[in-house]
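Q: Okay, here's the structure, questions in a sec.
Residue numbers (the UniProt record's numbering): 1 to 265.
Encoded structure:
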């Protein structure tokens, strides 16, 4: 197993994709955190205006910007870790070197762990580095003396790491790299946001929105733009983690029964 994990790590590290996506994610999260802080914070500074979000909740929303809007990066990278084998037709070589396909799949998941942690940490640091100065500039307070802030940052890193593992699961299910990347983008940027907004206005279906993947990821951090603005409620952090990982586990199980067990041609 150690040799298989090392082989998977070499496959990841010999490409530029892992750090290119990491840098892109850091820049995107920093921009989004700063933009949220300034847009909402400065929005209540005109005479007679009030903040639409309380200062303490605004800070948590800013620091969890990665979980709300930037999770597409670790999700996509997790899927690519698996699908690149099928795109470049190296999966045959992998299973010839290690015929036990269970080990091949497990090695990919284990190799993704350090990158999942790196992406999670980078996301929280980017949100903090850009969000805190922006909050200070807006005059709403950075809330860095509040333990809830550091809890949100820590759990946000956990959520982003979990997203990469979910990506590995979906890459196992949909082995076509173009299809899975397009699917990830369409779901995260269009389908789920519209679904959450729509469900939020329908009282009977509103509780369902809490169990969507994006909402589950936000629940881990305990805060999000959607919950702060009253569009949706969140599950408890532990429940959000179970739901999110459950999506990845189900996808991986189906993929294992189909894609990973196909005969090599």
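A virtual CB, placed ideally from N, CA and C, is assigned to each residue, including glycine. Since this is a predicted model, take the numbers as computed values, not measurements.
Counting only runs that start and end within the segment 52-130, where is the alpha helix (DSSP H) found for 4 or more residues in a row?
A: The qualifying runs are 55-63, 65-69, 72-87, 91-97.
Q: In the DSSP assignment, find the alpha helix (DSSP H) that holds residue 181 and state where it starts and stops.
A: Taking the chain shown and counting its residues from 1, one reaches residue 181 at position 181. Note, residue 181: alpha helix (DSSP H), 177-186.
Q: Since residue 170 contacts residue 111 with CB under 8 Å, what's their CB separation in whole angstroms?
A: Numbered from 1 along the chain shown, position 170 holds the residue referred to as residue 170. Numbered from 1 along the chain shown, position 111 holds the residue referred to as residue 111. About 16 Å separates the two Cβ atoms, so there is no contact after all.
Q: Taking residue 254 as the reference, which of 168, 193, 239 has the closest Cα?
A: Taking the chain shown and counting its residues from 1, one reaches residue 254 at position 254. If we check each option's Cα against that of residue 254, 168 comes out closest.
Q: I need the straight-line Cα distance from residue 274 to residue 130, nearest angstrom please.
A: Lying before the first or after the last residue shown, residue 274 is absent from the chain, which here runs from 1 to 265.
Q: Could you give the distance in angstroms between the alpha-carbon of residue 135 and the alpha-carbon of residue 114?
A: Within the chain shown, the letter at position 135 stands for residue 135. Within the chain shown, the letter at position 114 stands for residue 114. Each residue's alpha carbon lies about 31 Å from the other.
Q: Using the Cα positions of residue 252 and residue 197, report the straight-line distance between them to the nearest angstrom.
A: Position 252 of the chain shown, counted from the start, is the residue given in the question as residue 252. Position 197 of the chain shown, counted from the start, is the residue given in the question as residue 197. Cα to Cα, the separation comes out at about 29 Å.
Q: If we call anything under 8 Å between Cβ atoms a contact, is residue 221 one with residue 127?
A: Stepping through the chain shown from its first residue, residue 221 is reached at position 221. Stepping through the chain shown from its first residue, residue 127 is reached at position 127. For residue 221 and residue 127, no; Cβs fall outside 8 Å.
Q: Considering only the beta carbon of each residue, do residue 184 and residue 105 sit closer than 8 Å?
A: Position 184 of the chain shown holds residue 184. Position 105 of the chain shown holds residue 105. No, Cβ-Cβ distance for residue 184 and residue 105 is not below 8 Å.
Q: Since I believe residue 41 is in contact with residue 139 (beta carbons under 8 Å), could you give me their beta-carbon distance rounded to a whole number of angstroms?
A: Locating residue 139 in the chain shown gives position 139, where the first residue counts as 1. Locating residue 41 in the chain shown gives position 41, where the first residue counts as 1. Residue 139 to residue 41, Cβ: 7 Å. Contact.
Q: Helix, strand or coil: which one does DSSP assign to residue 141?
A: Position 141 of the chain shown holds residue 141. Coil at residue 141, not helix or strand.
Q: Report buried or exposed for residue 207, applying the criterion of at least 16 other Cβ atoms within 10 angstroms of its Cβ.
A: Your numbering for residue 207 matches position 207 in the chain shown. Exposed, because fewer than 16 other Cβ atoms sit within 10 Å of the Cβ of residue 207.
Q: Identify whether residue 149 lies in helix, strand or coil by the three-state DSSP scheme.
A: As a first step, residue 149 is located in the chain shown; it is residue number 149 there, counting from the start. Of the three classes helix, strand and coil, the one that applies to residue 149 here is helix, per DSSP.
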